[in-house]
Structures are given as structure tokens and as C-alpha cells.
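Numbering (this note's numbering), first residue to last: 125 to 386. Beta carbons are placed, not taken as given, at the ideal position from N, Cα and C, and that holds for glycine. From a predicted model like this one, the values you see are computed outputs, not experimental measurements. Reading through the C-alpha cells given below for one structure.
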């Protein structure tokens, strides 16, 4: 019998990729208005510069372990009580300015003052657009009360809680919210999955993990022998990590749960 459903947050319930995309569109439009640059080209350039810069910092291995991507660094503040997060907090102001200034330079605009303007604008725009998949609330409404619900998310507690603060309707559905940065290790590390099961007081066979990322959500669940559901909305190619189930829409969960609980 399945007693608990564990959900990933970003790009499973929250449509984070769309929120980031819309923040880039709005911020790059300022550069289009001022300099006539192609906003899509600027976005690509800033994303490339951000990835490169992000990987150059001493915090990179920590951010990979906890599961914080370069674009979260462009808007997160990392006000967390941990030495690595304190380092990140000190790095991000420069990181943001550099990413945007270098991105501008890559499309032919040498203006570090304007790079700073864009760096400060992006976090504002990202907070304005907290997209949630339209089926998320319908699914949670039907599961609440029938199952223990857990939110298991990689990232900085400060940043993940900011995402939850700007989508406050999500929080009441969950019996437990576990954030990798507070636990100390991120998905796919098996210890965070074992921690969830311990918190719930159930066996791993009584829980199922639902997430969009094969290399974190699905791999981590499989490492402790927990069933998993890969939500693959974009027809991504499967790699050698095999989920127990694959779905395109969250509402397909219901038939999986009812078949497991027969």
C-alpha cells in the first residue's frame, strides 16, 4: 500500500523554467529598448556567461551537491545559516553583475553600469511570475487527506521558501517540506530519501517519488528501492536511469496509485 506521495517542487509542481524564461524576456526587453539588441540573443549570451562564471567559483561543488542551478544564483539571496551559503551570499552580487555585463558585451554592448541595472532587475521580474502548472492544485486537492504529502526539493532554504512565499497556496497541502540545503545533502543522495521515510515513520515501499528530473528525483528514489514516477511533459529522451512509471500529465498519477493500492 502506498501511504505517502513525495513531490519535487521545481518543474514538477512549480513551472520554474517558465518563470525564469519570462524574467529573462522582461529584463532583456530593457536592453532592446535602450540599445536595440535582440533580446533572445542577449538571453542566450547571459545564460552562457552565467553557467561559465557559476562553475568557476569555489562554491560550485557545494551548489551541485545541494542542487542549485546558475539561474537561481541570478535571483536568490542565500540568507542561510551555513558557511557555504554565506560564501554564496557574498559571491552573488558580483556574479549577477558579471553575468549580465559579459552577456551584454557578447552582443556588442560594453556598458557595465547598464549590466548592473539588468542584474538588479532580473530578481524583481522573477518574483513577479511564480507559475504553477495548471493541474498541480487539482491533483493535490484529490490526494490531500488520502495520502501523506511531502515536498522534497533541492536548493537553498532561503530561495525555496521564497518560491513558496510567492505561491502560498501550495504550502498547506504538505505534511512535510524538506529542503536539501537544510538537510545538508541533495537529491539523488540516498540519505535525503531515507530521511523522508524516517520522518514519515513508514517503509520505503509505502512511498512513491514524483519528479521531473531523472538524475535527481528518480535516481535518488531508485537508490533506496523506492518507487518513482517520472513526469516527462516535454518528451525528453530517457537515459539509463529507469523510473518505475513515466507520465506526461500529473493527473495520470491517480490510476498508478489506485493500481498500487488494489
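With DSSP as the reference, identify every bridge partner of residue i, one or two as the case may be.
i	result
residue 301	275
residue 370	354
residue 83	The displayed coordinates of the chain run from 125 to 386. Any statement about residue 83 would go beyond what the structure contains.
What three-state label does DSSP hand residue i in the structure shown?
i	result
residue 126	coil
residue 134	strand
residue 346	helix
residue 334	strand
residue 253	coil
residue 361	coil
residue 318	helix
residue 290	coil
residue 197	helix
residue 233	coil
residue 383	helix
residue 166	helix
residue 160	coil
residue 285	helix
residue 172	helix
residue 192	coil
What distance in whole Å lies between the Cβ atoms of residue j and residue i, which are believed to be in contact at a cut-off of 8 Å?
i	j	result
residue 203	residue 282	5 Å
residue 317	residue 355	17 Å between Cβ atoms; not a contact.
residue 311	residue 278	5 Å
residue 270	residue 299	About 12 Å separates the two Cβ atoms, so there is no contact after all.
residue 264	residue 155	That belief does not hold up - the Cβ atoms of residue 264 and residue 155 are roughly 39 Å apart, past 8 Å.
residue 245	residue 151	5 Å
Going by the beta-carbon positions, is the gap between residue i and residue j smaller than 8 Å?
i	j	result
residue 223	residue 173	yes
residue 320	residue 339	no
residue 334	residue 377	yes
residue 148	residue 176	no
residue 290	residue 251	yes
residue 381	residue 260	no
residue 220	residue 198	yes
residue 280	residue 305	yes
residue 128	residue 324	yes
residue 213	residue 201	yes
Use the C-beta contact count for residue i: other C-beta atoms within 10 angstroms, 16 or more gives buried, fewer gives exposed.
i	result
residue 185	exposed
residue 205	exposed
residue 361	exposed
residue 237	exposed
residue 218	exposed
residue 292	exposed
residue 125	exposed
residue 295	exposed
residue 404	There is no way to answer for residue 404, as the model of the chain reaches only from 125 to 386.
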